[in-house]
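Report on one structure; see the data block that follows.
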Amino acid sequence: MCKKLKNILIIISLTTGYFSFAAFAQEKIIKKIEFKSDSDVPEDTLRNIIEMEEGDLYFQSNLDSDIQNLKNTTIFSKVTAEVNEDKEKKVKITFKLEKKWTFIPYFIAGSGGGTSYYSFGLFDSNFLNNLYSFNVNYKIENSESNYSISFIDNYAFKNNFINGTSANIVNKKITYFKNEQKIGFYSFEEHLLNLYSLYKFNKYLNFGGGVAFKEAIKINSQLSNDEIVTNNNNFIKDPTSYSSIGFQSRIQIGKINYQEISQEGILVNNINNSYVSQNSNDENFNDENFQLLGFLELPKLNDSYFGTRIGLQSTNSRNPVNEFYLGGLDKIRGFNYTQLTGRNAYYQNVELRFTLYKNSFIAFQIVPFFDYGNTTEQFDDLFHNIYSSVGLGIRIPLMKINKIALRLDYATTMAPFKMNGFSFGLLQFF
10 MCKKLKNILI IISLTTGYFS FAAFAQEKII KKIEFKSDSD VPEDTLRNII EMEEGDLYFQ
70 SNLDSDIQNL KNTTIFSKVT AEVNEDKEKK VKITFKLEKK WTFIPYFIAG SGGGTSYYSF
130 GLFDSNFLNN LYSFNVNYKI ENSESNYSIS FIDNYAFKNN FINGTSANIV NKKITYFKNE
190 QKIGFYSFEE HLLNLYSLYK FNKYLNFGGG VAFKEAIKIN SQLSNDEIVT NNNNFIKDPT
250 SYSSIGFQSR IQIGKINYQE ISQEGILVNN INNSYVSQNS NDENFNDENF QLLGFLELPK
310 LNDSYFGTRI GLQSTNSRNP VNEFYLGGLD KIRGFNYTQL TGRNAYYQNV ELRFTLYKNS
370 FIAFQIVPFF DYGNTTEQFD DLFHNIYSSV GLGIRIPLMK INKIALRLDY ATTMAPFKMN
430 GFSFGLLQFF
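Quick note: to get my numbering, add 9 to the position in the sequence shown (first position is 1).
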């Protein structure tokens, strides 16, 4: 009995030793990582984006993950990797990157929901060859000038932070509607400045904060005499000018993976602002902005995918300038530009983006869509009614130019009344 037990233990020991040796023999060490690219992005920047390092154990899953990390910069039209192994089981990895055109001077003419705009600007998603996103824009909307500039570093401090800043001068004219009837108007010029930073806790969670400055001036300077009379007849409250500094908290949860055309994943953004008035006569107020983006590739349909955007916004400000508005140009297609206004807002857009044709330069997509949402003064009333529309659009992504896709949508409203209209632009709707 003891002899049999001893033999069994010897067999177990030998078997364990064999598997341990086999596992050890299969281990591969990353000896060298290099990049071959026609872009001018510094190699140190690219090394900060990937997670593998020289001296690490090599795993195919880690390589696949880092290929995706490089694709998610969106500035490369193609990302591949070549793996070479020597006799000592040491691996050399060569990433091969083909760049897109990222510096884009642009002219955009957009229309939808009863308004139109003309926009001139410069956009660069690889500004200074360091993966910075930079955009400067001049827009004429309903004959009024608007200015904006933004800068984002998604890979700051060795890919540990996201830093951003933006500044805007916005001239807005808002129309109050009762169904299709215009019942009131207001206008203002708004100045906005925002600086923020988010810490990358892990690949699915970023959190941080910032500061924001807002002020509104030139109240109702764009209104005609007839519009002022309409306001008086309908007892429309005039906005008030103000100047406030805000303290901001931000959180991002999730991740979206980008392919050549399609996208997949979920990303949640939530921004909370607490504004303190610089004038004791003005109000202090808070606002909350929540947005979810979700994408799912459609099986067996190459480069086709489902996309949705969900937004929820709320403020306790009593000043109409700080209301949220939903309309045909940017939130609910088919309706007037500012069809819905209120201190609380929600909306959802659903699209199926079917890619019918693709070559090295362009693609052609057919996009059926469904939009809905509502605004109210009281949050509890927000989901009692629904404004909705359906429609069909086309997209023409330009394969060699980063993020550009010619867009034309036609929408017809379903509830609570019938309207229809076109919406077009130079980017995907979301």
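Just so you know, even glycine gets a beta-carbon here, dropped at the ideal spot from N, CA and C.
If we count the other Cβ atoms within 10 Å of its Cβ and call it buried at 16 or more, is residue i buried or exposed?
| i | result |
| --- | --- |
| A424 | exposed |
| N477 | Because the chain spans 10 through 439 in this model, residue 477 falls outside it and cannot be assessed. |
| P329 | buried |
| F438 | buried |
| E360 | buried |
| T422 | buried |
| I38 | exposed |
| K340 | buried |
| L66 | exposed |
| F197 | buried |
| S253 | buried |
| E150 | buried |
| T314 | Here the sequence assigns Tyr to residue 314, which means Thr is not the residue at that position. Classification for Y314: buried. |
| F166 | exposed |
| N242 | exposed |
| D418 | buried |
| V238 | exposed |
| F294 | buried |
| V285 | exposed |
| R352 | buried |
If we call anything under 9 Å between Cβ atoms a contact, is residue i one with residue j?
| i | j | result |
| --- | --- | --- |
| D312 | K367 | yes |
| F433 | A420 | no |
| G255 | V220 | yes |
| N146 | N155 | yes |
| S159 | S142 | yes |
| I413 | L436 | yes |
| G320 | Y356 | yes |
| H200 | K223 | yes |
| F8 | L310 | Because the chain is modelled from 10 through 439, residue 8 falls outside the range shown and cannot be assessed. |
| N358 | W110 | no |
| L215 | I171 | In the sequence as presented, Leu is not what sits at residue 215; that position holds Asn. It is a contact, given that the beta carbons lie within the stated cut-off. |
| S46 | K108 | yes |
Just how far apart, CA to CA, sit residue i and residue j?
| i | j | result |
| --- | --- | --- |
| I245 | N229 | 12 Å |
| I183 | L349 | 10 Å |
| F129 | S152 | 14 Å |
| A32 | S398 | Per-residue confidence for A32 stands at a pLDDT of 43, beneath the threshold of 50, marking its modelled position as unreliable; the derived number appears in the next sentence. Their Cα atoms are separated by approximately 59 Å. |
| L140 | N345 | 37 Å |
| S271 | K98 | 36 Å |
| F116 | K40 | 48 Å |
| S134 | G64 | 32 Å |
| M428 | L391 | 22 Å |
| F426 | N188 | 7 Å |
| F44 | K105 | 6 Å |
| H393 | N331 | 22 Å |
| E36 | R416 | 50 Å |
| Q387 | F333 | 13 Å |
| Q287 | N325 | 18 Å |
| T212 | Q231 | Before going on, a small fix: residue 212 reads as Lys here, not Thr. So the two alpha carbons sit approximately 47 Å from each other. |
| E52 | P308 | 36 Å |
| G303 | L365 | 22 Å |
| S289 | L276 | 39 Å |
| T83 | E269 | 9 Å |
Excluding five sequence neighbours on each side, which residues of the same chain lie with their C-beta closer than 6 Å to the C-beta of residue i?
| i | result |
| --- | --- |
| Y251 | A225, D291 |
| N281 | S258, E297 |
| Q77 | N266 |
| Q322 | N298, F333, A354 |
| I42 | E63, I102 |
Taking 9 Å as the threshold (beta carbon to beta carbon), is residue i in contact with chain E?
| i | result |
| --- | --- |
| T385 | The structure shown contains no chain E; it is built from a single protein chain. |
Whose C-beta lies closer than 7 Å to the C-beta of residue i among residues of the same chain, with five residues either side of it excluded?
| i | result |
| --- | --- |
| N278 | Q261, Q300 |
| I395 | Y381, N383, A424 |
| S74 | E60 |
| Y205 | G173, G217, G218, G219, Q257, R259 |
| P377 | L361, L401 |
| L335 | I341, Q348, L349, A354, Y356, G382, T384 |
| F112 | D133 |
| L305 | E273, Y314, F315 |
| P114 | L131 |
| Y164 | T54, N57, I58, L140 |
| N240 | G193, F194 |
| E236 | F194 |
So, for residue i: in the same chain, excluding its five sequence neighbours on each side, which residues have a beta-carbon less than 8 Å away from its beta-carbon?
| i | result |
| --- | --- |
| N169 | Y208, K209 |
| F30 | For F30, the pLDDT reaches just 39, beneath the cut-off of 50, and the residue's location in the model is therefore unreliable, although a value from the coordinates is still provided. For F30, where only same-chain residues beyond five positions count, there are no Cβ hits under 8 Å. |
| L79 | L55, I58, I59, F85, V88, F104, L106 |
| K96 | none |
| F370 | L407, M408, K409 |
| L72 | M61, A90, V92, I102 |
The region 90-99 touching the region 173-181, judged by at least three CB pairs closer than 8 Å = no
Count the C-beta pairs between the region 380-391 and the region 406-419 that are closer than 8 Å, then say yes if the count reaches three, no if not.
-> The region 380-391, when compared against the region 406-419, does not touch it at the 8 Å Cβ threshold.
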